[in-house]
């Protein structure tokens, strides 16, 4: 049986590459996920995600009861297009605000696997930037 970890997080994927969105309750995880869905991503899971290793790859998956459902404050639970699992390509931490204009490359480790880590930024372009990173990567 493979090792698994449950995170209070949201997760979206684009072309099989997942962004795991970390943050405290009310930090905007679902809002960022919904914005990325508006950019073409699919929901993996809202407000809870399982991580497991498949070889040297970190995979995100949704608890069955949460598949295809996202909470939208002031509206309710909305059904959206989803994928059951995706390979984790990056994490974003909404609890920490980025202070650098051109931040260094950061990583975070789960289940012995490292992945890029981004922080919350000022402005309303985080969803667009993360979507582009999933599609095209980041130059370092």
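In my numbering, the protein residues as written are 66 to 205.
C-beta: ideal position from N, C-alpha, C; glycine also.
This one's a predicted model, so the numbers in the text were calculated from it and none came from an experiment.
- Excluding sequence positions up to five before and after residue 104, its CB lies within less than 7 Å of the CB of 192, 193 and 196, all in the same chain and listed in chain order.
- Around the Cβ of residue 200, a 10 Å sphere holds fewer than 16 other Cβ atoms; the residue is exposed.
- For residue 148, there is no enclosing alpha helix (DSSP H), as DSSP marks it with neither H nor E.
- Taking one beta carbon from each stretch, the segment 89-104 and the segment 167-181 have fewer than 3 pairs nearer than 8 Å; the two do not touch.
- Close CB contacts of residue 148 within its chain, under the 7 Å cut and outside five residues either way in sequence, are with 78, 107 and 109 (chain order).
- If you look at residue 86, you'll find it in the beta strand (DSSP E) that goes 82-87.
- Under a 10 Å Cβ-count criterion, residue 151 is classified as buried, with 16 or more other Cβ atoms of the shown protein chains found around its own Cβ.
- Residue 83 sits buried, since 16 or more C-beta atoms from the chains shown fall within 10 Å of its C-beta.
- Within the DSSP bridge table, the entry for residue 70 names 116 as partners.
- Within the same chain, and ignoring the five residues on either side of residue 143 in sequence, the residues whose Cβ sits closer than 6 Å to its Cβ are 135 and 137.
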